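The structure under discussion appears below in the form of structure tokens.
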Amino acid sequence: MSRLLLVGAGHAHMTLMENIPAIRAKGHEVVVIGPGERHYYSGMGPGMLGGDYKPQDISFPVKRTCEQAGATFLVDKCVGIKPEEKLVVLESGQEISYDVASFNTGSSIVDDVVEEGSTNVYRVKPIENLLLGRERLMEMARKDHVRVAVIGGGPAGVEVAGNAWACGQEAGGNVSVALFHGKTFMSRAPDSVRELCRKALLKHGVELVGGGYVRSVSTGKVMLDNGQQHSADIIFIAMGVRPRPLFEPSGIPAGPDGGLLVNKFLQSPRYPDIFGGGDCIWFEPQPLDKVGVYAVRENPVLYHNVVAQLEGAPLMEFSPGGDYLLIYNTGGRTGVLHKFGIRFGGGLAFRIKDYIDSAFMKKFKPEYERTGRYA
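Residue numbers for the sequence shown follow the working numbering, beginning at -19 and rising by one.
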């Protein structure tokens, strides 16, 4: 019996996990490793911070789903790989063997500016941190005015700042939010989208702080490289993402950002029994943005290819596709949408995002969570 090992229970592995019964019917064992019993959908994380969604609305019960399908699910983290021996090393000390392995270990927040031991500082990944930040913000706002600082001028910073404001409104409005964006704001977005995001945040009363990059973050303090010092009670770190340092230290070829180097089959060129998808890979044919749409598009290819590799069948090429829809949740049930030159902001943008995200959740959630009938 061959063993398929899925390292990570995220977006790129959803179709694989959905088809565990079919994979087992072919005579293969399936083992899944994930850091928790539930997996949170990052696209809805800011909405959870802002109070639009509850934790269960934006998460999948991956452990229960996999186990009910006949797989073994280990709540653990991969800390190393021995590709020559076909072993994965876990944080618990266990070593798990595989015949074919697929990695969907996601990414972590760039947090080099955060001083060790700092409190009330929340990295926006893992997504569960946004729930912790929300709970802390609500608790503090009941007692006094709360100053929130968001570090990062990209899409994550925009969404977290807008939804920190929304959380503050729910807490009684005793909250002020400042977004620290360095010398550029939404630098990779078209000018019109950048302006829509800027207007959305300013309408909420979010202060946009530029002119200097953040040099350090510590408890209650944000220091800029121009010498300015700002006080904050709660700080969110949203400075961009990078793959965890897992592959290169294990002797597996990696891309410039440390992500697993994969070819057009989403397969390691050196180790053909290793595949990967989502934020943890570097796609050799062309760089891909760290956005969830690619993980979703990779689903059917990963499913086909890992099963084909187990059975010695031909592999399928992954085509990233063209332009994709992007909608930012700017807080207070408003958003900014853009695709194919169509760009607008407001409530309609949020409603479109909510519809798409909710449909994605419904597609992969088990029936007992979709219907509310628990066994």
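The beta carbon of each residue, even a glycine, is placed where N, CA and C say it ideally should be. It should be emphasised that the depicted structure is a prediction, and the values quoted were computed from it without experimental measurement.
**OP:** Measure the beta-carbon distance from I232 to I61 and round it to whole angstroms, keeping in mind my assumption that it falls under 8 Å.
**Re:** 6 Å
Original post:
Run through DSSP, which three-state label would M28 get?
Top reply: Helix at M28.
Original post:
Excluding five sequence neighbours on each side, which residues of the same chain lie with their C-beta closer than 6 Å to the C-beta of D360?
Top reply: Beyond the ends of the chain as shown, which are -19 and 355, falls residue 360; an answer cannot be given.
**OP:** For L188, I'd like the list of residues in its chain whose CB is within less than 6 Å of its CB, leaving aside the five on either flank, ordered along the chain.
**Re:** L159
Subject >> For I38, the nearest candidate out of A121, L295, Y21 (CA to CA) >> reply: For the residues A121, L295, Y21, the minimum Cα distance to I38 belongs to Y21.
Subject >> Beta-carbon contacts of E(-2) that lie in its chain and below 6 Å, excluding the five residues immediately before and after >> reply: none
Original post:
DSSP beta-bridge partners for F263?
Top reply: V242
**OP:** Express the C-alpha separation of V130 and S198 in angstroms, rounding to a whole number.
**Re:** 13 Å
Original post:
What residue does the alpha helix (DSSP H) around P383 start on, and which one ends it?
Top reply: Only positions -19 to 355 of the chain appear in this structure, which leaves residue 383 out of reach.
**OP:** Spatial neighbours of A355 within its chain, please: CB distance less than 8 Å, with the 5 preceding and 5 following residues excluded, ordered by chain position.
**Re:** In this prediction, A355 scores a pLDDT of 40, lower than 50, which makes its location untrustworthy; the coordinate-derived value is nonetheless stated afterwards. Around A355: Y348.
Original post:
Smallest Cα separation from V271: which of S(-18), V55, V(-13), A(-8)?
Top reply: A(-8)
Original post:
When the Cα of S172 is compared with those of Q289, D269, I322, D237, which residue comes out closest?
Top reply: I322
Original post:
In three-state DSSP terms, what is K345?
Top reply: Taken through DSSP and simplified to helix, strand or coil, K345 comes out as coil.
Original post:
Any idea if G(-12) is buried or exposed, counting beta-carbon neighbours within 10 angstroms, 16 or more meaning buried?
Top reply: Using a 10 angstroms sphere on the CB of G(-12), the tally of other CB atoms reaches 16 or more, which defines it as buried.
Subject >> Cβ-based burial, T164 [other Cβ within 10 Å; buried from 16] >> reply: exposed
**OP:** For the beta strand (DSSP E) containing G14, list its first residue and its last residue.
**Re:** 9 to 14
Subject >> Residue-level contact to chain C via CB, M(-3), 8 Å cutoff >> reply: No chain C is present in this structure, which holds just one protein chain.
**OP:** With a cut-off of 8 Å on the beta carbons, I'd call K244 and P265 a contact; round off their distance for me.
**Re:** 5 Å
**OP:** Evaluate F320 with the Cβ neighbour count: other Cβ atoms within 10 Å of its Cβ, from every protein chain shown; 16 or more gives buried, anything less gives exposed.
**Re:** exposed
Subject >> Three or more C-beta pairs below 8 Å linking the region 252 to 269 and the region 80 to 97 >> reply: yes
Subject >> Cβ pair count under 8 Å reaching 3, the region 322 to 336 against the region 42 to 51 >> reply: no
Subject >> 8 Å Cβ cutoff met for I76 and V11 >> reply: In contact: I76 and V11 (Cβ atoms closer than 8 Å).
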